[in-house]
């Protein structure tokens, strides 16, 4: 087993980082599969005048990622040059292509930062808007935040795609078939 607490903590930190990277990758993948199903017009369309379009949510998430994950261990997660309020405004320059480039840049910063972290970093304290967070708490905070907005993007994508929507998970009514395949797959590897 483990000879000391430090070795165990290092292993748990490593396992946590591996898992959270996988969770963020899956979240990004699902969200993008949803967005690919909508037209450019639907990408910027509002469901409600006070709501957010897919474009605005992408813009906000990209801005948040750049701010939170740049210089993650050494500077406040709310960067001085971030103008959060403008992330919720759609402008003429906010083309789908440009917003998706910002989206990719944000995710690249996130994944590069997570890949650079060491298990020992989990005990460090960072700041977001001058509020102290453990590294684990800061990562979890962002995972929850991105999951919330990704869910909104997927819901809007599904709404705008309508009958053309391709499910991102197990289709309704197919759970038993899926479960049977998973059992068969597992039995074949045992």
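Residue numbers (the working numbering): -2 to 187. Every residue, glycine too, gets a C-beta built ideally from N, C-alpha and C. Quick caveat: nothing in here was measured; it's all calculated off a predicted structure.
In the displayed model, residue 147 falls within a helix according to three-state DSSP.
Boundaries around residue 101 are those of the alpha helix (DSSP H), 93 to 113, since no beta strand (DSSP E) includes it. CA-to-CA, the gap between residue 154 and residue 177 works out to about 30 Å.
Contact between residue 156 and residue 74 is absent: CB atoms are separated by about 32 Å, not below the 8 Å threshold.
Residue pairing for residue 46: DSSP places it in no beta bridge. Around the CB of residue 169, fewer than 16 other CB atoms lie within 10 Å, so the residue is classed as exposed.
The beta carbon of residue 147 lies closer than 6 Å to those of 24 and 28 in the same chain, with the five residues before and after it left out. The beta carbons of residue 65 and residue 139 sit closer together than 8 Å. Contact between residue 104 and residue 152 does not hold, since the beta-carbon distance rounds to 20 Å and is not under 8 Å.
The bridge partners DSSP lists for residue 123 are 130.
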